[in-house]
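J.: Start counting the sequence shown at 40; every next residue gets the next number (this note's numbering).
Glycine included, each C-beta is placed from N, C-alpha and C at the ideal position.
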Amino acid sequence: MSALIRRKAPIFHCKLSLYRKFTTRSVFDVSVSAENADNGLYGFEILKTAKGFRRFVDEAIERSGELISHISQLPPSIEIIRVMDEISDTVCSVVDSAELCRNTHPDREFVEEANKASLKIYEYLHFLNTNHDLYNAVIKAEREGLLQTKEAQRAAHTLRVDFEKGGIHLCAGKLERVNQLNIEIAQLGRDFSENIITDPGFVDIFPASRIPKHMQHLLKPIYRTMSGASKEPLGSRDMVKEKGFRVTTDPGTLSSILKWASDAEVRKQSYTSGNSVPRANLGVLDKLIAARHELAEIMGYKSYAQFAVHPNIASSPEVVMPFLLDLSKIVRHKADEEFKAIRDFKRKICNEDCADLEPWDEAYFMGMMKSSTFNLDSSVVASYFPLSQCIEGLKVLVKSLFGATFRNIPLGPGESWHPDVLKMSLHHPEEGDLGYLYLDLYSRKGKYPGCAHFAIKGGRRLSETEYQLPVVALVCNFSASPGSSTARLNHWEVETLFHEFGHALHSLLSRTDYQHFSGTRMVLDLAETPANLFEYYAWDYRVLRTFARHYSSGEVIPEKLVESMNGARRMFAVTELQRQIFFSLIDQTLFGEQSAPQRDTVSIVADLKQQYTSWNHVEGTHWHTRFNHLINYGAGDIHNPTMLSINHLHINDNLGLVSVGYYSYLYAKCFAATIWQEVCLEDPLCLNTGSVLRTEFLQHGGAKDPSHLLKDFMGDRVLRCCNGGIVPDASSLFIEMNL
Numbered sequence: 040m041s042a043l044i045r046r047k048a049p050i051f052h053c054k055l056s057l058y059r060k061f062t063t064r065s066v067f068d069v070s071v072s073a074e075n076a077d078n079g080l081y082g083f084e085i086l087k088t089a090k091g092f093r094r095f096v097d098e099a100i101e102r103s104g105e106l107i108s109h110i111s112q113l114p115p116s117i118e119i120i121r122v123m124d125e126i127s128d129t130v131c132s133v134v135d136s137a138e139l140c141r142n143t144h145p146d147r148e149f150v151e152e153a154n155k156a157s158l159k160i161y162e163y164l165h166f167l168n169t170n171h172d173l174y175n176a177v178i179k180a181e182r183e184g185l186l187q188t189k190e191a192q193r194a195a196h197t198l199r200v201d202f203e204k205g206g207i208h209l210c211a212g213k214l215e216r217v218n219q220l221n222i223e224i225a226q227l228g229r230d231f232s233e234n235i236i237t238d239p240g241f242v243d244i245f246p247a248s249r250i251p252k253h254m255q256h257l258l259k260p261i262y263r264t265m266s267g268a269s270k271e272p273l274g275s276r277d278m279v280k281e282k283g284f285r286v287t288t289d290p291g292t293l294s295s296i297l298k299w300a301s302d303a304e305v306r307k308q309s310y311t312s313g314n315s316v317p318r319a320n321l322g323v324l325d326k327l328i329a330a331r332h333e334l335a336e337i338m339g340y341k342s343y344a345q346f347a348v349h350p351n352i353a354s355s356p357e358v359v360m361p362f363l364l365d366l367s368k369i370v371r372h373k374a375d376e377e378f379k380a381i382r383d384f385k386r387k388i389c390n391e392d393c394a395d396l397e398p399w400d401e402a403y404f405m406g407m408m409k410s411s412t413f414n415l416d417s418s419v420v421a422s423y424f425p426l427s428q429c430i431e432g433l434k435v436l437v438k439s440l441f442g443a444t445f446r447n448i449p450l451g452p453g454e455s456w457h458p459d460v461l462k463m464s465l466h467h468p469e470e471g472d473l474g475y476l477y478l479d480l481y482s483r484k485g486k487y488p489g490c491a492h493f494a495i496k497g498g499r500r501l502s503e504t505e506y507q508l509p510v511v512a513l514v515c516n517f518s519a520s521p522g523s524s525t526a527r528l529n530h531w532e533v534e535t536l537f538h539e540f541g542h543a544l545h546s547l548l549s550r551t552d553y554q555h556f557s558g559t560r561m562v563l564d565l566a567e568t569p570a571n572l573f574e575y576y577a578w579d580y581r582v583l584r585t586f587a588r589h590y591s592s593g594e595v596i597p598e599k600l601v602e603s604m605n606g607a608r609r610m611f612a613v614t615e616l617q618r619q620i621f622f623s624l625i626d627q628t629l630f631g632e633q634s635a636p637q638r639d640t641v642s643i644v645a646d647l648k649q650q651y652t653s654w655n656h657v658e659g660t661h662w663h664t665r666f667n668h669l670i671n672y673g674a675g676d677i678h679n680p681t682m683l684s685i686n687h688l689h690i691n692d693n694l695g696l697v698s699v700g701y702y703s704y705l706y707a708k709c710f711a712a713t714i715w716q717e718v719c720l721e722d723p724l725c726l727n728t729g730s731v732l733r734t735e736f737l738q739h740g741g742a743k744d745p746s747h748l749l750k751d752f753m754g755d756r757v758l759r760c761c762n763g764g765i766v767p768d769a770s771s772l773f774i775e776m777n778l
C-alpha cells in the first residue's frame, strides 16, 4: 500500500477569534475597492515596505491594549463579546498577513520581516491566551450578561471553552506545566516537519534509461565510471562514464516514480527509501505522544484523542472509533476484491502466476488498469483544462448558483506580491460586493508548495449598516506546460482547484456578526464539507461543458471522455476509502489511551495495516514518520482549519498543537455525498440549488451549532446520534461506491 495520499491543502487562518466596538476604520481595515486601494501589501497602507510589518505588530499590540482596558470597564453585556472580536480582528490581521507573506512573497526581505512579525505577535498571543481579565470578562458575559442573539451566546460559550483548553482555569502550577507542554509540543511539531524536508531520502538509479523519459528533466543526473567494451586486457580498456539519476524520494517525486516507473526494482528501492525516512522522527513522535498525553491528563481527559475531539461534533473517540470500524467492515470485502483484481492484472502483465502484489506495485498497476480499461491519456485530458478556462469555470459556477459575478480588479501599487497575482471581487447585483479574492496559482521557487486557502480578513458586522467584507487568497502551484505560456491542468489539479474554491466561497459568502465564526472558522469535522462538495462540480459533465474547452481548437470536452474519467475515478474508489479509514485509525490509536510501557509506533502502524487493509507492511519502513497529519490537520490540503480557539493558532509555526482530526475527511466525504445527492444532483447549476446552499449552510459559517445547522439544512438524512456525539449518515457515499 502506498504511504502517499493526495493531501487536501490546509486552510490557513488565525484562530484567536475574539468584534470590533467602533465602526470607524483603522489601519487594520483593508481598503478593497479598486478606486481607493491603499498602496501597500494586500491593501494595507502600513505594508508599503517590508519594515511596515514592524509597525503593523506594534500598532496591533497597542490597539489591543486599549481594547483590553475598555473591556475591564464594561459590565457583563454583549459589548464584551464585540470588543473581544475586535481584539481578535486586530491581531489576526497581522497573523494572517504575515502567514500569507511568509509562504508566497518572492522578496526575501518581506519574508524575513513577516517571520519576525510572526514571532513577536505569537509572544503577545500567549499574553492574551493567559489573560485572566479577558477570561473573567467572558465568563461574566456568558453567565450574567443579557446576550440578545444566539450567535453572541455561542461566541461567549466557545470563547470560554477555548480559554480553558489552554488551562487558564487551572491552578498556577498546572497552568505553568500546560504552558511548558504546549511549547514542547509546538517545537516537536516543528522538528517533525523540518525533518521531513531535510531528510527526504534518495536512491541512485543506473542506467538512466530505467527512469521514465518524461520525468528525467526533473531529476539530478549523476555519473559513474565503468569499463568500456573492449577485447584489450582489463587494464588497458577505455573507461566510460555511465549516466544515471539520483531520485530524491520526497513525497511528490516518490509518487511519480511509483506511478510511472515500469522497472519494479526502481519502484521498490524508491518506496523503501522514501518510507524509511526521516528516522529521527521515530523519536520525535514518541516524545510528542508522551507530551500530548500528559497535557490531556492535566486537562482532565483520558487521552489526547479525547481532549482534541471533544469540541467537535463527534465529541469523543468513543464516537469516532465505532464510526471508523463500521466503515472498515463495510468496505473490506470490496477492497479485497479490488486488491485481487490488481494482483491478477500484475500476474498477467508480468506472466508470473504466483507473483505477489507489493505496496510499490499499487499505483503503477492501478494506473495501468485505469488507462487500459478506459483508454485515457492524461495529456489529452489536460488539453481541455487550460488554467484560464478553469478560472472561467469558477465564474460560471458563482453566476449560475448565486447570481453573483467575479469581476477582475486592478491591483493598486504595492498591493500585489507577484505579477501573476490576480484580484477579483465577488459582486451581487442586489447586494453589492460580497468579498474579495486574490488568486496566486502558478508555481515558483520559494513559494508554499501545495494548494491552500489563506484568510486575510474575516467578515464581521461593524454596525447595523456596515459589514467588513471577507478577503481571502487562493494559492496553488500549477506549472505551465513545456512550450506553453499557460498551465494545462490534469484533472486531479482541477479537482483540487474546485476544492480550494469551495473553501474560498465558504469564506466569501458567510455573513456572521463575528469574525470568530467567519466562513471556515467552524468545528473541525464539518469545515471540509463545502470543499468536498465542490469537488463534485469538477466531475459533472453539465458543469464541465460550460468551460472545459480544448486549448487550441476550442472544442468542448467530449461527454464520452468525461464518462471515462468518472469510470476511472470509481474504479478503485473503495481501496482509496479504505486507505483513508486506515489513516484515521492510526491517528486515533497513536494518540488514544496509552499502554504501559508505551508501544513503538512502527509495530502499532504495522498491526493496523495488517488488520484493516489487504496490503503488506514492508519491514524496515516507517512511512508514518512523514505523515504530517499526525502533527497537524492539514487536507491538507490541512492542519486544523477551524477550531476557533484563543489558545491554539492554526499556522505553520505552531505545528503540533492540534491533531487527531484526520477522521474529519471521512465526515466531510459523507456529509458532502448526502448534500450532493439530495440538493445538487438534479440541477447543480440552478439558482435554487445555490440559494439553498448559501442560506442554509454557507452563510452561517461557524455561528450556528453544527448539529442544528445540518438538521435545519438536511433534516435527519445527513447525521445520526451515537454515544453522545454525532456521526454522518454514510449511505449516500456507499451508493456512490456501489457498496
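Please say whether G606 and Q554 have beta carbons closer to each other than 8 angstroms?
T.: Residue 554 sits at position 515 when you count from the first residue of the sequence shown. Residue 606 sits at position 567 when you count from the first residue of the sequence shown. Not closer than 8 angstroms, so no.
J.: Mapping the DSSP letters down to three states, classify Y310 as helix, strand or coil.
T.: Within the sequence shown, the letter at position 271 stands for residue 310. Three-state DSSP puts Y310 in a helix.
J.: Please confirm if the region 401 to 421 is in contact with the region 309 to 328, defined as three or more CB-CB distances below 8 angstroms between the two stretches.
T.: no
J.: Could you spell out where the beta strand (DSSP E) holding E281 opens and where it closes?
T.: Residue mapping note: residue 281 aligns to position 242 of the sequence shown, counting from 1. Boundaries of the beta strand (DSSP E) harbouring E281: 278 to 287, taken from the DSSP string.
J.: By the DSSP assignment, the alpha helix (DSSP H) with T143 in it spans what residues?
T.: The residue you call residue 143 lines up with position 104 of the sequence shown. T143 -> alpha helix (DSSP H) spans 117 to 143.
J.: Counting only runs of 4+ residues fully inside the region 609 to 680, write out the alpha helix (DSSP H) ranges in chain order.
T.: Runs found: 612 to 629, 640 to 651.
J.: Give every residue of the same chain whose Cβ lies closer than 6 angstroms to the Cβ of L106, excluding the five residues on either side of it in the sequence, and list them in chain order.
T.: Sequence index remark: in the sequence shown, residue 106 carries index 67 (1-based). Excluding residues within five positions, the ones whose Cβ falls inside 6 angstroms are V122, E125, I126.
J.: Would you call Q219 buried or exposed, if buried means 16 or more other Cβ atoms sit within 10 Å of its Cβ?
T.: In the sequence shown, residue 219 corresponds to position 180, counting from 1. Classification for Q219: exposed.
J.: Which ranges would you report for the beta strand (DSSP E) in the region 492 to 552 if only whole runs of at least 3 residues count?
T.: 510 to 517
J.: Below 8 angstroms between beta carbons: does that hold for V757 and T728?
T.: As a first step, residue 757 must be located in the sequence shown, where it is residue number 718. As a first step, residue 728 must be located in the sequence shown, where it is residue number 689. The answer is no: Cβ separation not under 8 angstroms.
J.: In three-state DSSP terms, what is N170?
T.: Reading the sequence shown from its first residue, position 131 is the one you call residue 170. N170: coil per DSSP, three-state reduction.
J.: Please report the distance separating the alpha-carbon of V242 from that of W299.
T.: As a first step, residue 242 is located in the sequence shown; it is residue number 203 there, counting from the start. As a first step, residue 299 is located in the sequence shown; it is residue number 260 there, counting from the start. Taking the straight line from one Cα to the other gives about 16 angstroms.
J.: My output table needs one value for T444: the three-state DSSP class, helix, strand or coil.
T.: Indexing the sequence shown from 1 puts residue 444 at position 405. Residue state, collapsed to three classes: strand.
J.: If K462 and L473 are in contact, beta carbons under 8 angstroms, what's the gap, nearest whole angstrom?
T.: Taking the first residue of the sequence shown as 1, we reach residue 462 at position 423. Taking the first residue of the sequence shown as 1, we reach residue 473 at position 434. Wrong, their Cβ atoms sit about 14 angstroms apart, outside the cutoff.
J.: Is F767 helix, strand or coil by DSSP?
T.: Against the sequence shown, residue 767 aligns to sequence position 728. First, the amino acid is wrong: residue 767 is Pro here, not Phe. DSSP places P767 in strand when its eight states are reduced to three.
J.: Where does K298 sit, in a helix, a strand or coil, going by DSSP?
T.: Taking the first residue of the sequence shown as 1, we reach residue 298 at position 259. Helix.
J.: Spell out the partners DSSP gives D722 in its beta bridges.
T.: For the purposes of this step, residue 722 is taken as residue 683 along the sequence shown, with counting starting at 1. Paired residue(s): none; D722 is not in a bridge.
J.: Label V316 either buried or exposed according to how many other C-beta atoms from any shown protein chain fall within 10 Å of its C-beta, with 16 as the threshold for buried.
T.: As a first step, residue 316 must be located in the sequence shown, where it is residue number 277. That one is buried.
J.: Is it true that the region 728 to 746 meets the region 536 to 556, where meeting means three or more beta-carbon pairs spaced less than 8 angstroms apart?
T.: Counting Cβ pairs under 8 angstroms, three or more are found: they touch.
J.: Would you kindly work out how many angstroms separate the C-alpha atoms of H661 and I250, rounded to a whole number?
T.: If you number the sequence shown from 1, residue 661 lands on position 622. If you number the sequence shown from 1, residue 250 lands on position 211. C-alpha separation (whole angstroms): 25 angstroms.
J.: Give me the Cα-Cα distance between E532 and F424, rounded to the nearest whole angstrom.
T.: Residue 532 sits at position 493 when you count from the first residue of the sequence shown. Residue 424 sits at position 385 when you count from the first residue of the sequence shown. Taking the straight line from one Cα to the other gives about 10 angstroms.
J.: Quick one: grab the DSSP three-state call for H467.
T.: As a working mapping, residue 467 is identified with position 428 in the sequence shown. Three-state DSSP puts H467 in a strand.
J.: Classify F540: buried if its beta carbon has 16 or more other beta carbons within 10 angstroms, exposed otherwise.
T.: For this step, residue 540 is matched to residue 501 along the sequence shown. F540 is buried by the Cβ-count criterion.
J.: Return the bridge partner residues of P458 from the DSSP annotation.
T.: Taking the first residue of the sequence shown as position 1, residue 458 is located at position 419. In the DSSP output, where bridge partners are listed per residue, P458 has none listed.
J.: So does the region 185 to 202 actually touch the region 135 to 143, counting three or more Cβ pairs closer than 8 angstroms?
T.: Judged by Cβ distances under 8 angstroms, the region 185 to 202 makes no contact with the region 135 to 143, as fewer than three pairs qualify.
J.: Which ranges would you report for the beta strand (DSSP E) in the region 184 to 247 if only whole runs of at least 3 residues count?
T.: 241 to 244
J.: Does DSSP classify L258 as helix, strand or coil?
T.: On the sequence shown, residue 258 is found 219 positions in, with the first residue counted as 1. Reduced to three states, the DSSP call for L258 is coil.
J.: When DSSP builds the beta bridges, which residues end up paired with R759?
T.: On the sequence shown, residue 759 is found 720 positions in, with the first residue counted as 1. DSSP, once it has assigned bridges, lists V766 as partnering R759.
J.: Check for me: the alpha helix (DSSP H) holding F92 runs from which residue to which?
T.: Working through the sequence shown from its first residue, we reach residue 92 at position 53. F92 -> alpha helix (DSSP H) spans 91 to 111.
J.: Taking the CB atoms as reference points, tell me whether Q785 and Y704 lie closer together than 8 angstroms.
T.: In the structure as shown, the chain begins at 40 and stops at 778. Residue 785 is therefore absent and cannot be evaluated.
J.: CA-CA distance, F783 and K385?
T.: The first residue shown for the chain is 40 and the last is 778, placing residue 783 beyond what the model contains.
J.: In the DSSP assignment, what residue or residues form a beta bridge with S19?
T.: With the chain covering only 40 through 778, there is no way to say anything about residue 19.
J.: Compare the C-alpha of G82 against each of Y701, F622, K387, Y477 and name the closest.
T.: Along the sequence shown, one-based indexing puts residue 82 at 43. When only C-alpha atoms are compared, the closest one is Y477.
J.: Under the assumption that I100 contacts A176 (Cβ atoms under 8 angstroms), give the Cβ distance between them as a whole number of angstroms.
T.: Sequence index remark: in the sequence shown, residue 100 carries index 61 (1-based). Sequence index remark: in the sequence shown, residue 176 carries index 137 (1-based). Contact flag wrong, Cβ pair sits at about 19 angstroms.
J.: Looking only at its own chain, which residues have a Cβ that is under 6 angstroms from the Cβ of F67, when we skip the five neighbours before and after it?
T.: Position 28 of the sequence shown holds residue 67. No answer about F67 holds up, because its pLDDT of 38 lies below 50 and its placement is not dependable.
J.: So does I110 have its beta carbon nearer than 7 angstroms to some heavy atom of the ligand ADP?
T.: Although the ligand ADP was asked about, the structure shown includes no ligands whatsoever.
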